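A.B. asks: Heads up: the sequence shown begins at 11 in our numbering, then just goes up one per residue.
Note that CB positions come from ideal geometry on N, CA and C, so glycine has one too.
In this text, all values refer to a predicted model and were calculated from it rather than measured experimentally.
Dumping the structure here so I can ask a few things about it.
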Amino acid sequence: DEGTSSEPATGFTLYMDTVLGAATVEPPSKRLYVPVNVAWAELARWRGEGFHTVHGLGPVEDVRAEAVRLACAYALINGEAVVL
11 DEGTSSEPAT
21 GFTLYMDTVL
31 GAATVEPPSK
41 RLYVPVNVAW
51 AELARWRGEG
61 FHTVHGLGPV
71 EDVRAEAVRL
81 ACAYALINGE
91 AVVL
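Now the structure itself:
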């Protein structure tokens, strides 16, 4: 018959709230925001101490606020890792 073709098919449903809940990863607790003016070589030191570094891409007025915005637990201020 014309118009009555049969084709095998398979499918499944993904519930995105469940998928996202399973895929959510907490950011590392030792995220350190490093301002843009800090040399890349200095980042290795902080990584060696167990920090996950987030290097700034441009100058910011408030280093603490930028660190919080980027979900960092620490900010590099005057050469020290300051807890936020």
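Which residues in the same chain as Val-92 place their Cβ atom closer than 7 Å to its Cβ, once the five residues preceding and following it in sequence are excluded?
C.D. replies: By 1-based counting over the sequence shown, the position of residue 92 is 82. The answer, listed in chain order, is Tyr-84 and Ala-85.
A.B. asks: Give the straight-line distance between the Cα atoms of Asp-19 and Gly-31, rounded to the nearest whole angstrom.
C.D. replies: Here residue 19 refers to the residue found at position 9 when the sequence shown is read from its first residue. Here residue 31 refers to the residue found at position 21 when the sequence shown is read from its first residue. Checking the sequence shown, residue 19 turns out to be Ala, not Asp. So the alpha carbons of these two residues sit roughly 29 Å apart.
A.B. asks: Kindly indicate which three-state DSSP category Leu-67 falls into: helix, strand or coil?
C.D. replies: Within the sequence shown, the letter at position 57 stands for residue 67. In this structure, Leu-67 counts as coil in the three-state DSSP scheme.
A.B. asks: So, Tyr-25 versus Val-73, is the Cβ gap smaller than 8 Å?
C.D. replies: Numbered from its first residue, the sequence shown carries residue 25 at position 15. Numbered from its first residue, the sequence shown carries residue 73 at position 63. Their beta carbons are not under 8 Å apart, which means Tyr-25 does not touch Val-73 by this criterion.
A.B. asks: Should Val-29 go down as buried or exposed, given a rule of 16 or more other Cβ atoms within 10 Å for buried?
C.D. replies: The residue labelled residue 29 in the question sits at position 19 within the sequence shown. Flag for Val-29 reads exposed.
A.B. asks: So the candidates are Gly-60, Val-78, Phe-22 and Gly-66; which of them puts its Cα closest to the Cα of Trp-50?
C.D. replies: Position 40 of the sequence shown, counted from the start, is the residue given in the question as residue 50. Among Gly-60, Val-78, Phe-22 and Gly-66, the Cα nearest to that of Trp-50 is on Gly-66.
A.B. asks: Report the residue from Gly-89, Ala-33 and Val-64 whose alpha carbon sits nearest the alpha carbon of Arg-79.
C.D. replies: In the sequence shown, counting from the first residue as 1, residue 79 sits at position 69. Arg-79 has its Cα closest to that of Val-64, out of Gly-89, Ala-33 and Val-64.
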